[in-house]
């Protein structure tokens, strides 16, 4: 659980490395404005993107055993719920690793190709064709919801208040804020809480 917590903390840092540079913060809405894209990425070092992409991938793989451990623990109370969590967490990890790699790749190629309008058009075409990998979050949502429902309904030996240490309610709390890497923060808190409770 602690390794999974640290994995999400590190992944959150790499998400920030992909989004922030000395010249500003990247937001996907910026892709509609070529001039803003050029400005935001004008001082983004390629090494920063390379490091963020590779370290983020390893960090996500480090988090994987945490999800699988919770799934196996859930299976003690419900084999069906445990299997759903096991499969959905594998679905999440495999696709989110791919998605993280694609996000880093499109930034790297945009900068490497000179931040031109043609480069922006090419990377956005590639990203739109590979954005299907973002369905990884469906797996995370299925895992979080099953886990949340089991705990909040008293189907496990955890107290009902322990349902707070779950990605679902934590993300709902963080969503309205301007805190970066909200998903990774929510996941890290979940694993930190579970490291004491399980």
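Numbering (this note's numbering), first residue to last: 1122 to 1319. Note that beta-carbon positions come from the ideal geometry of N, C-alpha and C, so glycine has one too. Keep in mind that this is a model prediction, so the values were computed, not measured.
Expected contact under 8 Å - CB spacing of residue i and residue j to nearest Å
i, j, result
"residue 1289", "residue 1304", "Residue 1289 to residue 1304, Cβ: 11 Å. No contact."
"residue 1318", "residue 1261", "Contact flag wrong, Cβ pair sits at about 20 Å."
"residue 1241", "residue 1155", "6 Å"
"residue 1228", "residue 1139", "6 Å"
"residue 1162", "residue 1190", "Rounded, the Cβ-Cβ distance is 39 Å, inconsistent with contact."
"residue 1306", "residue 1133", "6 Å"
"residue 1184", "residue 1128", "4 Å"
"residue 1187", "residue 1125", "2 Å"
"residue 1130", "residue 1181", "In fact, because the Cβ distance is near 12 Å, the residues do not count as touching under 8 Å."
"residue 1248", "residue 1223", "7 Å"
Range covered by the alpha helix (DSSP H) that runs through residue i
i, result
"residue 1168", "1167-1196"
"residue 1229", "1200-1233"
"residue 1263", "1257-1273"
"residue 1239", "1238-1251"
"residue 1131", "1123-1140"
"residue 1157", "1155-1161"
"residue 1149", "Run containing residue 1149: none; DSSP gives neither H nor E here."
"residue 1307", "1303-1318"
"residue 1254", "No alpha helix (DSSP H) contains residue 1254, which DSSP labels as neither H nor E."
"residue 1288", "1288-1295"
Residue i classed as buried or exposed, judged by whether at least 16 other C-beta atoms fall within 10 angstroms
i, result
"residue 1300", "exposed"
"residue 1193", "exposed"
"residue 1259", "exposed"
"residue 1150", "exposed"
"residue 1264", "buried"
"residue 1275", "exposed"
"residue 1201", "exposed"
"residue 1277", "buried"
"residue 1135", "buried"
"residue 1296", "exposed"
"residue 1232", "buried"
"residue 1244", "buried"
"residue 1174", "buried"
"residue 1310", "buried"
Decide yes or no for the touch test of the stretch 1190-1210 against the stretch 1153-1167: beta carbon pairs closer than 8 Å, at least 3 of them. The stretch 1190-1210 is not in contact with the stretch 1153-1167.
Three CB pairs or more closer than 8 Å across the stretch 1306-1314 and the stretch 1272-1286: Counting Cβ pairs under 8 Å, three or more are found: they touch.
At a cut of 8 Å, does the stretch 1213-1221 reach the stretch 1243-1256 through at least three beta carbon pairs? The answer is yes - the stretch 1243-1256 touches the stretch 1213-1221, with three or more Cβ pairs under 8 Å.
Any contact of the stretch 1195-1202 with the stretch 1258-1274, i.e. 3+ C-beta pairs under 8 Å? Contact between the stretch 1195-1202 and the stretch 1258-1274 is established, with three or more Cβ pairs separated by less than 8 Å.
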